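Residue numbers (my numbering): 2 to 308. Working notes, beginning with the structure itself.
Here's what the structure looks like:
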């Protein structure tokens, strides 16, 4: 580059009949030219990164949801998916109320990826996620995705009577390829991305970077993405989902959730994303507190807005 610059100077000197000595500004100009040339020079990009970028650009080019396989739902006899088994029950009515509240919030803030979690296991978060997704899907022509994000102890597939089917785990562990493991559930009229077979390294898989790209594209396809995640306190998996979500609902259960654990769970959540809590199995049945029974032996729920 410096030789080209010097040749240009000599050419100008010969044309004008004068001698041009490099000056400080010329030297600075040479440095600028060399820096710009260096910046414009093609940089070496590793082949694996090129392949990843090409895959990300092509993988989600087709957003035709009709291409995904449809599966029939076969609910077990003891199913607590009241929005399907008892759509006129008080429990289903409370999920309708929750759906209305969330749609109202969606008008004032960008909420599409909704995380359903709890402080500890056995608080009913998966049941709440499934019922909420079902009730949101009852709207006219909605596109609702229920995403089973608990890769360690998945339960949603069995709640819909689907058995073991491949899902997110297999996709994360496989070579870059289009997502094929989204299923349209016949009856509920929603789409379902199961967790799949529990992997040996779920947290490592979730932190690979592919999960974020997947969620971004799914957001362009669906009106709501309901994510059933692991509990907050025992595992770090939920922190990954929380970063990707737009809003968080916390599920608690009376008689199971301890006050100290609930406080720790609330502290672990990003407060700007915390929308409220759903309380299961409450002994308080006052309508003013939004508590009602699902039915004999079933859980009850309440919507508690954040203070």
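Note that beta-carbon positions come from the ideal geometry of N, C-alpha and C, so glycine has one too. Note that the coordinates shown come from a computational prediction; the quantities given were computed from them, not determined experimentally.
Close Cβ partners of residue i (< 7 Å) along its chain, the five nearest in sequence each way excluded
i, result
"residue 172", "180 and 182"
"residue 266", "120, 233, 234 and 251"
"residue 219", "146 and 226"
"residue 156", "127"
"residue 257", "123 and 124"
"residue 109", "none"
"residue 209", "173"
"residue 272", "none"
"residue 77", "162"
Contacting residues, own chain, Cβ-Cβ under 6 Å from residue i (five flanking each side not counted)
i, result
"residue 240", "none"
"residue 48", "Interpretation of residue 48 is limited by its pLDDT of 48, a score under 50 that renders its predicted location unreliable; no figure is taken from the coordinates."
"residue 42", "At residue 42 the pLDDT is 43, less than 50, meaning the model places this residue with poor confidence; the figure from the coordinates comes in the next sentence. Counting only Cβ-Cβ distances below 6 Å, and skipping sequence neighbours, we find nothing."
"residue 122", "232"
"residue 73", "187"
"residue 97", "136"
"residue 221", "none"
Sheet register partners of residue i (DSSP bridge)
i, result
"residue 132", "Looking at the DSSP assignment, residue 132 forms no beta bridge with any residue, so it has no partner."
"residue 118", "251"
"residue 192", "146 and 185"
"residue 71", "185"
"residue 229", "117 and 149"
"residue 202", "Note: residue 202 sits in no beta bridge, so no partner."
"residue 161", "None; residue 161 has no bridge partner."
"residue 275", "249"
Own chain partners of residue i with C-beta closer than 8 Å, once the 5 adjacent residues on each side are dropped
i, result
"residue 246", "114, 115, 116, 228 and 274"
"residue 192", "66, 69, 144, 145, 146, 147, 183, 184, 185, 186 and 223"
"residue 154", "122, 199 and 231"
"residue 50", "Residue confidence is low: residue 50 scores 42 on pLDDT, short of 50, so the model does not pin down where it sits. Its coordinate-derived value is still stated next. None."
"residue 106", "112, 248 and 276"
"residue 52", "Unreliable placement is indicated for residue 52, whose pLDDT of 45 sits below 50; no coordinate value is reported for it."
"residue 166", "72, 158, 182, 184, 195 and 197"
"residue 216", "114, 226 and 245"
Nearest-angstrom Cβ-Cβ length linking residue i and residue j, presumed shorter than 8 Å
i, j, result
"residue 197", "residue 170", "4 Å"
"residue 92", "residue 83", "4 Å"
"residue 162", "residue 75", "3 Å"
"residue 195", "residue 168", "3 Å"
Pair within 8 Å by beta-carbon distance, residue i and residue j
i, j, result
"residue 120", "residue 262", "yes"
"residue 81", "residue 118", "no"
"residue 252", "residue 95", "no"
"residue 199", "residue 238", "no"
"residue 85", "residue 231", "no"
"residue 249", "residue 276", "yes"
"residue 112", "residue 103", "yes"
"residue 160", "residue 131", "yes"
"residue 270", "residue 243", "yes"
beta-carbon residue i near the ligand SAH non-hydrogen atom, thresh 7 Å
i, result
"residue 220", "Ligands are entirely absent from the displayed structure, and the ligand SAH is therefore not among its contents."
Test: residue i CB closer than 8 Å to a CB of chain B
i, result
"residue 105", "Absent from the structure is chain B; it holds one protein chain and no more."
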